[in-house]
Amino acid sequence: MFESLVPAAALLERVRIHIDGTPHDVPAHYSVAAAMLAAGSASCRTSAVSGAPRGPFCMMGVCFDCLVEIDGVPNVQGCMTPVADGMQVSAMHGKARLA
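Sequential numbering of the sequence shown, starting at 6, is according to my numbering.
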């Protein structure tokens with residue numbers, strides 16, 4: 006009934022990314038937010054006001070709860086960014102800084 010948007014051969018391809026310094030091998034077709042969730046990291050950032058943990062919510066680029074730092078660049082939407090081999094992903098804490 007449904008067809009995968011990802012070719013079957015590509016489903017087996019994996020890349021290594023580092024989430025808060027820990028290496029994880031994840032499917033190459035994942036977004037950063039999906040990779041973080043698969044790795045067991047549900048919190049991408051903390052709220053600037055209360056310090057409460059925030060994580061991916063909408064997974065389509067609307068809510069901005071998945072903001073992370075990728076390769077030193079802050080405020081990147083994890084749900085809209087595909088993983089890449091060697092990528093360094095860090096959770097953001099407190100008030101965001103400009104890139």
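The C-beta atom is built at its ideal place from N, Cα and C for all residues, glycine as well.
Nonlocal neighbours in the same chain, by C-beta distance under 7 Å from A57, ignoring five residues either side: Excluding residues within five positions, the ones whose Cβ falls inside 7 Å are T51.
Rounded straight-line distance, which links the Cα of A14 to that of D70: One C-alpha to the other measures close to 32 Å.
Residue range of the alpha helix (DSSP H) that includes L10: That residue, L10, is in no alpha helix (DSSP H); it is neither H nor E in DSSP.
Test item: CB-CB of I22 and S46 under 7 Å: Not a contact, by the Cβ cut-off of 7 Å.
CB of V67 within 7 Å of CB of V73, strictly: For the 7 Å CB-CB criterion, V67 and V73 do not form a contact.
Buried versus exposed, by CB contacts within 10 Å (16 or more), G77: By the neighbour-count criterion, in which a residue is buried when 16 or more other Cβ atoms sit within 10 angstroms of its Cβ, G77 is exposed.
Beta-ladder partner(s) of E74, from DSSP: The partner list for E74 (beta bridge, DSSP) reads S95.
Member of H98, A89, G99, M97 whose CA lies at the smallest distance from the CA of V37: When the alpha-carbon of V37 is set against those of H98, A89, G99, M97, the nearest one is in A89.
Between the CA atoms of P87 and L17 - distance to the nearest angstrom: Roughly 16 Å separates the two Cα atoms.
Within 7 Å, strictly: CB atoms of V20 and A33: A Cβ-Cβ contact shorter than 7 Å links V20 with A33.
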